[in-house]
Amino acid sequence: MKTRRYPFNIQTFSKMRREGYVYVDKTDVIWDMVHFSNYVFLSRPRRFGKSLLSSTLHSYFDGDRELFEGLKIMDLETEWKRYPVIHLDLSEAKGQQTDEGLRNKLFNILRPYWLEYGRDETEMSPGGLLKGIISRACERNGLQVAVIIDEYDAPLLDALDKPELLEELRNVMQEFYVPLKAADPVMKFCFITGITKFSQLSIFSTINNLKNISMLPRFATICGITDEEIDTQLKDDITMMAAEMGFTPEVMREKLRVMYDGYHFSEGSPALYNPYSLFNAIADRKLLYYWFSTGTPRFLFSQMEHFRTDITAMDNIEAGATEFDLPTEGMTNALPLLYQSGYLTIKDYDAESDMYSLSMPNKEVRVGFTQGLLPMYVGVEGGPVQRGFALKFWNALKKNDIELAMEEMRSYLASLPYVEGFKKKLTEVSNAEGFYEWTLYLIFSMLNVYVVTQQKCAGGRVDMVVHMPDTIYVIELKINGTAQDALDQINSRRYAIPYTTSGKRVVKVGVSFSTETKSLEDWIVSC
């Protein structure tokens, strides 16, 4: 089979189609979206296909019919008119530190369009110029205008933790978007996309007909790749990858699923693979952490630190949609950012209570995220943990040798090089089990082990429950106490009883930590 070209760094639809890159056909869903509402807003994580979607819309409204030959939209579209298109990428305006700097950037972004359509001397603001461009584009072409705005929130994200600057920049962006509502009579379609959700009150105050489709099941798969699409459009690619890596196609699929699948953007939607990571993996014939290696947004970690986010709860969050699909400026915790940025996703939905279950989507996110969190929450660098310790610890757990696993953990914790500020961090929490709980949670999570902390049961709360394929470890921690005290607490409060019907082996582990040695001191294992 011939090796194909994969679009892991290509975001232009016309280039993909003309140069023979793999394109997973979403055009039927795109056509449905265009005919659903004239004003559409879509939020998706970075590297999830938003820019490609924007480019596809550009080609569609530009009437480039030949680019869509052989795609699903050809059975749906009959007109193929050539509408004037204004396509703006606001990622070029990120990082501005003044309102004046942002205005100048917006003028630069609009420059190609005012060179084409002209500029009136009264258009002294970016919003005023945009309004004039839309009007003149319609007048010249005799057709309504399609406006596509990609990464609309990019100018604001780095200012989320700077309230005064955020307010200044937000006022500039609000003025910029005003013409979109005023241009309704000459607007064929308006599409706005980005990572986060800002409220219509603060950003789109006049666009009261902007339809947010981010959580509508109808459009849940418009970005990302489904299992069905892998089985149909990428089946041969997975077969080739499996052959070169020495796996069966079935094993290859499972490895890709664990690594890159698991995103859900509405209740009942199929699971989605991160397209950037999936195409990189298929092209390289490797299972690496592609998405996370492109960089975790600084604004996310700063907001987690600001809100003192409890990372140990990230695999077991129950929330209503209004708690995580919340406008960014209305946040009282980091949950909306974690969800909208793709670090948490929908895993289940209870219609009766209208509550969602959220957790990390896959191994790539879990391992990369926890590696990035280790310096902030624990005070150790994540890279050495993953490289030097993970394999030994994981192999011990797989062999059901918890004694060896704990010995490896003690040895490694004792040798960790701590980053600057660790002593202060440890001083602040050295008498709290929470610090050591964070440490163990992050290490287990980096190994892609499902771990729950502070698990409720009839006898109280067990510090940690670790789920392996055939074993459940019930772990209690004691600080400056004894491992026997910890094990006695597991037994007296019957922490292990709920897991005896799981069909798995249940192992109880009492662990003691010492604030003097700053490490794991002792443990006792009981089956």
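Counting the sequence shown from 1 gives a position; this note's numbering is that position plus 1. Ideal Cβ positions, reconstructed from N, Cα and C, are used throughout, including at glycine.
The stretch 75-90 and the stretch 57-64 touch, with three or more beta-carbon pairs separated by less than 8 Å. Contact between the stretch 131-145 and the stretch 114-123 is present: 3 or more CB-CB pairs across the two stretches fall below 8 Å. Listed in chain order, the beta strand (DSSP E) runs fully inside the stretch 14-85 are 40-44, counting runs of at least 3 residues.
DSSP places Met-410 in the helix class (H, G or I) of the three-state scheme. Looking at the DSSP output, Ala-320 shares a beta bridge with Tyr-357. When Lys-106, Leu-211, Ala-155, Ala-160 are compared, the shortest CA-CA separation from Val-179 is found for Leu-211. Counting other Cβ atoms within 10 Å of its Cβ, Pro-186 stays below 16 and is therefore classed as exposed.
Contact annotation: Glu-268 and Tyr-357 have beta-carbon atoms nearer than 9 Å. By the Cβ neighbour-count rule, His-265 is buried, with 16 or more other Cβ atoms within 10 Å of its own. The beta-bridge partner set that DSSP reports for Leu-478 consists of Val-512.
Taking each of Leu-181, Pro-362, Trp-395, Arg-258 in turn and checking the Cα distance to Asp-232, the smallest one comes out for Arg-258. Inclusion of Phe-220 and Ile-214 in the CB contact set at 9 Å is warranted, their separation being smaller than that value. The shortest CA-to-CA distance from Val-366 to any of Ser-342, Asp-349, Ala-352, Ser-354 is the one to Ser-342. DSSP places Val-252 in no beta strand (DSSP E) but in the uninterrupted alpha helix (DSSP H) bounded by 250-261. Taking 8 Å as the upper bound for CB-CB distance, Gly-195 and Tyr-153 are in contact here, some 4 Å apart. In this chain, the beta strand (DSSP E) harbouring Ala-147 covers 146-151. DSSP, read as helix, strand or coil, puts Phe-192 in strand. Secondary structure remark: continuous beta strand (DSSP E) runs of at least 3 residues inside the stretch 100-153, in chain order: 146-151.
Of the residues assessed, Gly-321 falls on the exposed side of the cut-off, its CB having fewer than 16 other CB atoms within 10 angstroms. Residue state for Arg-494 is assigned as coil, using DSSP reduced to three classes. The beta carbon of Ala-459 is closer than 6 Å to none in its chain, skipping five residues each way along the sequence.
The beta carbons of Leu-103 and Pro-156 sit closer together than 9 Å. Counting of Cβ neighbours within 10 angstroms places Ile-498 among the exposed residues, the total staying below 16.
Only buried fits Thr-313, as 16 or more other CB atoms lie within 10 angstroms of its CB.
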